[in-house]
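Protein chains in written order, with the working numbering: chain A, 15 to 151; chain B, 15 to 151; chain C, 15 to 151.
The beta-carbon is built from N, C-alpha and C at its ideal position, and this holds for glycine as well.
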């Protein structure tokens with residue numbers, strides 16, 4: 015069985031944000047013994063990844079690290095007309111990825127205790143973001 | 015239903031290349047209401063990722079960025095006998111990833127307006143590349 | 015058909031390790047004509063990726079590269095109370111990813127000749143790691 019849902023996230027500020035609960039509130043996994051949940055972001059300047067759901071400074075450090083490893087205003091950027099945050103946003107999106115796939119077991123996401131789903135919002139004013147969740151069971 | 019197809023890409027020069035149309039020309043999504051398309055590259059020195067399909071300078075900037083963040087001839091490389099482009103190619107392949115998974119909705123890839131599939135060709139002379147597309151519906 | 019198995023890996027030292035055989039020993043792909051194998055790691059400081067299965071110096075160079083591109087003790091890290099290896103481990107985990115998805119064809123993983131599955135153990139003392147393998151066919 016395959017099901018698909020659209021999710022529209024409200025605007026998040028630039029940085030990394032825990033969206034596990036927001037995703038789970040929009041999809042019913044009850045009754046799924048084993049399966050997979052695929053979450054996809056329909057944008058090229060924001061990303062999805064899985065990391066620690068507890069200490070919020072992990073998310074702060076993600077933003078610091080990726081701002082350093084993917085700098086704004088690198089002298090070799092040619093794609094600059096959408097602002098200094100735009101080309102780094104594309105590079106961060108591909109480094110982190112545009113989808114996550116998570117096992118479902120006994121009606122729940124089978125994440126580790128400390129794992130949550132992160133939205134990486136890489137634009138200064140990215141606005142609302144569209145996700146597609148596809149559930150296989 | 016699961017279907018699988020082999021795709022053989024012709025040789026691309028080192029850099030990032032939009033291959034969405036080439037993939038879609040080899041697989042028929044008609045009649046698939048909801049599903050997933052999984053695209054896998056059978057090589058360790060080339061990658062697949064999703065990013066902007068419009069301005070070609072995004073792809074140029076990808077090549078510049080990853081050449082800088084994964085340099086050739088780093089003094090600590092031990093795997094050097096296949097040429098200076100080889101070890102960076104392995105590292106870029108794992109940083110970007112060897113597969114993409116994309117939702118299918120109403121017979122089409124449900125990509126965002128500006129999203130396309132990139133081949134990252136990380137070798138100077140990578141030659142022809144083999145992909146496997148698996149479609150679930 | 016969907017099947018799911020838990021895999022518990024014994025402790026690996028920090029670095030990159032080939033685990034293809036360990037995964038294959040725990041799941042029976044016989045009789046699967048076409049399908050996908052999804053492998054997920056339930057941790058935020060270890061990763062899964064696909065790369066060269068032959069020369070072990072590729073794995074050594076992976077460790078060297080990611081130690082340089084994701085340094086310990088960066089002055090801007092705030093999440094430091096679990097040790098200097100912890101925050102870099104989180105960043106490496108998201109850069110490389112927490113799952114891989116591999117085509118199955120005629121009862122075998124349809125990997126390229128030189129491809130294997132890597133565990134990226136990013137902690138100094140990560141201990142045993144839990145994986146979930148989900149097989150679709």
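Q. Hey, is residue 111 of chain A close to the ligand GTP, as in C-beta under 7 Å from one of its heavy atoms?
A. This structure does not include the ligand GTP; it has no bound ligands of any sort.
Q: Quick one: residues in its chain with C-beta nearer than 6 Å to the C-beta of residue 112 of chain A, no 5 flanking neighbours on either side, listed in chain order?
A: Here the set comprises 55.
Q: Write down the C-beta distance between residue 108 of chain B and residue 110 of chain C rounded to the nearest angstrom, noting that I regard them as a contact closer than 8 Å.
A: 6 Å
Q) Which residue comes first and which comes last in the alpha helix (DSSP H) that contains residue 71 of chain B? A) 70-83
Q. For residue 92 of chain B, which residues in chain C fall below 7 Å Cβ to Cβ?
A. For residue 92 of chain B, the chain C residues whose C-beta falls within less than 7 Å of its own C-beta are 71, 74 and 75, listed in chain order.
Q: Leaving out five residues on either side along the sequence, give the residues of the same chain with a beta carbon under 8 Å from the beta carbon of residue 68 of chain B.
A: 128, listed in sequence order.
Q. Who are the near neighbours of residue 122 of chain B in its chain, counting only those whose CB is closer than 7 Å to its CB and skipping five residues on each side?
A. 43
Q) Should the segment 94-109 of chain A be regarded as contacting the segment 61-80 of chain A, the criterion being three or more beta carbon pairs within less than 8 Å? A) Judged by Cβ distances under 8 Å, the segment 94-109 of chain A makes contact with the segment 61-80 of chain A, as three or more pairs qualify.
Q | Residues of the segment 100-116 of chain A whose Cβ lies closer than 8 Å to any Cβ of chain B, in chain order | A | Listed in sequence order: 101, 104, 105, 107, 108, 109, 111, 112, 113 and 115.
Q: Using the Cα positions of residue 148 of chain B and residue 142 of chain B, report the straight-line distance between them to the nearest angstrom.
A: 20 Å
Q: Given a cut-off of 8 Å, decide if residue 131 of chain A and residue 33 of chain A are closer than it, judged by their beta-carbon atoms.
A: yes
Q: Determine the DSSP secondary structure at residue 105 of chain B, reduced to helix, strand or coil.
A: Helix at residue 105 of chain B.
Q: Could you check if residue 47 of chain B is buried or exposed, using at least 16 other CB atoms within 10 Å of its CB as the buried criterion?
A: exposed
Q) At what residues does the beta strand (DSSP E) containing residue 94 of chain C begin and finish? A) Neither: residue 94 of chain C is in no beta strand (DSSP E) and is coded neither H nor E.
Q. So the beta strand (DSSP E) residue 41 of chain A belongs to, where does it begin and stop?
A. No beta strand (DSSP E) contains residue 41 of chain A, which DSSP labels as neither H nor E.
Q. So is residue 16 of chain C in contact with chain B if we call contact Cβ pairs under 8 Å?
A. no
Q.
Quick check on residue 40 of chain C: buried or exposed, where buried means 16 or more other Cβ atoms within 10 Å of its Cβ?
A. Exposed, since its Cβ has fewer than 16 Cβ neighbours within 10 Å.
Q. Are the Cβ atoms of residue 21 of chain B and residue 145 of chain B separated by less than 8 Å?
A. yes
Q | Contact belief for residue 77 of chain A with residue 29 of chain A at Cβ below 8 Å, rounded distance in angstroms | A | 5 Å
(Q) Tell me which residues of the segment 39-70 of chain B have at least one Cβ-Cβ distance to chain E shorter than 7 Å, keeping chain order. (A) The structure shown contains no chain E; its protein chains are A, B and C.
Q. Between residue 135 of chain C and the rest of its own chain, which residues show a CB-CB distance below 8 Å, the 5 nearest in sequence each way excluded?
A. 26, 27, 28, 29, 30, 31, 60 and 143
Q.
What does DSSP give as the partner residue(s) for residue 65 of chain C in the beta ladder?
A. C/130
Q.
Quick check on DSSP: helix, strand or coil for residue 36 of chain C?
A. Three-state DSSP puts residue 36 of chain C in a helix.
**Q.** Alpha carbon of residue 120 of chain A to alpha carbon of residue 79 of chain C, nearest angstrom
**A.** Near 39 Å, if we compare the C-alpha coordinates of residue 79 of chain C and residue 120 of chain A.
Q.
Taking its Cβ as the centre, do 16 or more other Cβ atoms sit within 10 Å of residue 57 of chain B, making it buried, or is it exposed?
A. buried
Q: Please confirm if residue 150 of chain C has its CB atom under 8 Å from at least one CB of chain B.
A: yes
Q.
Distance cutoff 8 Å, beta carbons only. Does residue 146 of chain A sit that close to anything in chain B?
A. yes
Q: Please report how far the alpha carbon of residue 98 of chain B lies from the alpha carbon of residue 81 of chain B, in whole angstroms.
A: When rounded, the distance between both Cα atoms is 12 Å.
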